[in-house]
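Following: one structure in structure tokens, then a few remarks.
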Amino acid sequence: MDFYMVMKIAGIGLLVGVLVMVLEQANRKDIAQLTVLAGVVVVLYIVVQAVADLFNLVRSVFQIY
């Protein structure tokens with residue numbers, strides 16, 4: 001896991017947090033909840049890609065096909 005990915009996930013968390021605060025102030029709690037869910041899905045997608053890259057690296061290092 002490189003520093004860029006950590007910063008990308010932190011940036012997504014910050015953006016989602018600000019959006020949720022703004023939406024809750026505007027009394028749009030349903031949209032705020034969907035925003036949180038979308039943020040979690042995006043972060044999980046990034047993490048799954050990183051894990052897949054790790055598995056491919058392990059497979060190539062040990063020459064497992």
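Per UniProt numbering: the sequence shown = residues 1 to 65. We treat Cβ as the ideally placed atom computed from N, Cα and C, and that holds for glycine. The structure presented is a predicted model; accordingly, all values stated were derived computationally and were not measured.
query: Which stretch, first to last residue, makes up the alpha helix (DSSP H) that contains Arg59?; result: 29-61
query: Between the beta-carbon of Ala32 and the beta-carbon of Leu44, is there less than 7 Å?; result: no
query: With 16 as the cutoff for other CB atoms within 10 Å, does Val16 come out buried or exposed?; result: buried
query: Taking just the CA atoms, how far does Gln25 sit from Phe3?; result: 33 Å
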